[in-house]
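Residue numbering for the sequence shown follows our numbering, beginning at 530 and increasing consecutively.
From the three backbone atoms N, C-alpha and C, an ideal C-beta is built for every residue, glycine too.
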Amino acid sequence: DLSMDTTMMMTGRLQKIFGSTTKSLSIFRISLGLLLTAELVLRFRFLHVFYSDEGTMPLHLLLPKIDNLYWFVCVHCHFGTLMQQQILLAVQVAFAVSFTVGYRTKLSSVVSWYMYSSLILRNTWLYFILDR
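Right, here's the structure in full:
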């Protein structure tokens, strides 16, 4: 069957062009996980200044400006003390390490993305600081 051969040939070409092996995907996942873990660990130094109620963006200034969707997405907006922010970031680092080593990769990638988005939303000024 000519159409079947053509389809198989096109599929083979597409896999050669866009395909990747499990080894290359694993290396990409490990690299991404290491970058995420390092970035989160470095943020521990700035939790008090940028993410707690004693810092530059306390919750009493942020909460009047946000809507219900923002409140739902940003877990970090529910907590304001330094200890609570440290616990949230420690949980986030644990999921990033889990993603790096490949344990429950789908769950850890979704939770890592959600928690990182939440961390960015807690103080959006930091996210756009290099746009000057």
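Output needed for residue i: all residues of its chain with C-beta closer than 7 Å, excluding positions within five of it in sequence on either side, in chain order.
i: Leu-563; result: Thr-629
i: Trp-600; result: Cys-606
Rounding to the nearest angstrom, what Cα-Cα distance links residue i and residue j in this structure?
i: Arg-661; j: Arg-558; result: A caution first: Arg-661 carries a pLDDT of 48, below 50, which makes its placement in the model too unreliable to give a value.
i: Pro-593; j: Val-620; result: 27 Å
i: Val-570; j: Val-622; result: 7 Å
i: Met-586; j: Tyr-580; result: 7 Å
Judging by CA-CA distance, which residue of the options is the nearest neighbour of residue i?
i: Leu-638; options: Leu-561, Ser-553 and Thr-551; result: The residue you asked about is not Leu; residue 638 is Ser in the sequence shown. The shortest Cα separation from Ser-638 among Leu-561, Ser-553 and Thr-551 belongs to Leu-561.
i: Ser-604; options: Leu-655, Asp-582, Leu-648 and Lys-552; result: Contrary to the premise, residue 604 reads as Val rather than Ser in this sequence. Comparing Cα-Cα distances from Val-604 to each of Leu-655, Asp-582, Leu-648 and Lys-552, the minimum goes to Leu-648.
i: Val-578; options: Ser-646, Ile-556, Ser-627 and Thr-610; result: Thr-610
i: Asn-652; options: Met-612, Gly-548, Phe-575 and Leu-554; result: Phe-575
i: Ser-646; options: Leu-588, Val-602 and Ser-553; result: Val-602
i: Glu-583; options: Gly-631, Thr-551, Lys-545 and Met-612; result: Met-612
Which residues in the same chain as residue i place their Cβ atom closer than 6 Å to its Cβ, once the five residues preceding and following it in sequence are excluded?
i: Leu-565; result: Ala-625
i: Met-644; result: Gln-621
Please look up how many angstroms separate the CB atoms of residue i and residue j, rounded, as I've assumed it's under 8 Å.
i: Leu-618; j: Phe-573; result: 6 Å
i: Ser-627; j: Arg-633; result: 6 Å
Enumerated in chain order, which unbroken segments of the alpha helix (DSSP H) with a length of 4 residues or greater are wholly contained in the region 595-640?
-> Listed in chain order, they are 597-602 and 611-630.
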